[in-house]
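As structure tokens, the structure follows; a few thoughts come after it.
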Amino acid sequence: MTANTIEINRRRYPLEAGKPVWLFGYGSLIFKADFPFLDRREASIEGWSRRFWQGSCDHRGTPEAPGRVVTLIEQAGACCRGMAYRVSPDVFAHLDFREKNGYLRFMTPLHFGDGSRAEGLVYIAASDNAAFLGAAPEREIAAQIARSCGPSGPNREYLLRLADAIRSLGDHDPHVFDIERFLLEYL
Ligand code: SIN
């Protein structure tokens, strides 16, 4: 599948004009909300784990030297915590552009801290996208992140800001925190 998902996403889950939609963020969408939103609430989704398995050619790396960013991998019993935003459907033009390097929109149930639920959209880069890098030891992922940089800045900033954001949610993500620890050793 092509790495540029803008057209595919436009055709997925047609959005109703004027009807706000929940968006779940688990990566940069937690710490970089560069779009207008009507509401923001901590939330989680079940059956998914966050992994630094997606290559980034357009934000935190280049086509010649991709960085690594997070995607979600299906895992029975897992729970991924993040931030949900209530957004107007027009915001997806910006979001589809921002997440164009392999991410597709999926509809999934969101669980809020007060026990309530809602359906929401989440961007996931599946293993069949051209920029997918897949699993690697956390130490190697940290080394790749340490040397990568792209138009949105150093890859290390993405990792460090994400790790801080996860801590602010009161969560513990061993995969992300191990990579952070190795990165700090390299610096
Ligand atoms: C997300 O944050 O929800 C998607 C992945 C990213 O943009 O880092």
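Using this note's numbering, the first residue of the sequence shown is number 2, and each one after it goes up by one.
Note that the Cβ used here is the ideal one computed from N, Cα and C, for glycine as well.
Values in this document were obtained by computation on a predicted structure and should not be read as measured data.
Since residue i contacts residue j with CB under 8 Å, what's their CB separation in whole angstroms?
i	j	result
Gly83	Tyr27	4 Å
Find the nearest neighbour of residue i within the set the options, judged by alpha-carbon distance.
i	options	result
Phe53	Val177, Gly116, Ala166	Val177
Phe38	Ala164, Ala85, Leu111	Ala85
Asp172	Asp129, Gly114, Arg118, Ala126	Gly114
Glu8	Leu96, Pro152, Ile31, Val70	Leu96
Leu184	Ala77, Arg140, Leu30, Arg99	Arg140
Pro152	Arg61, Leu16, Thr6, Lys33	Arg61
Gly121	Ala34, Gly19, Ser45, Phe32	Ser45
Glu100	Val123, Val88, Leu111	Val123
Gly154	Asp40, Val70, Arg12	Val70
In angstroms with no decimal places, state the Cα-to-Cα distance between residue i and residue j.
i	j	result
Glu47	Ala79	6 Å
Ala166	Ala136	23 Å
Pro90	Glu186	42 Å
Gln76	Ser50	6 Å
Phe93	Leu188	36 Å
First and last residue of the beta strand (DSSP E) that includes residue i?
i	result
Ser50	40 to 57
Arg99	Element bounds for Arg99: not the beta strand (DSSP E) but the alpha helix (DSSP H), 92 to 99.
Could you pull the start and end residues of the alpha helix (DSSP H) that residue i belongs to?
i	result
Pro110	Looking at the DSSP string, Pro110 is not in any alpha helix (DSSP H); the run it does join, the beta strand (DSSP E), is 104 to 113.
Arg11	7 to 12
Taking only runs of the alpha helix (DSSP H) that begin and end inside the region 138 to 172, which ones reach a length of at least 4 residues, in chain order? Within the region 138 to 172, the complete alpha helix (DSSP H) segments of 4 residues or longer fall at 139 to 148, 156 to 169, listed in chain order.
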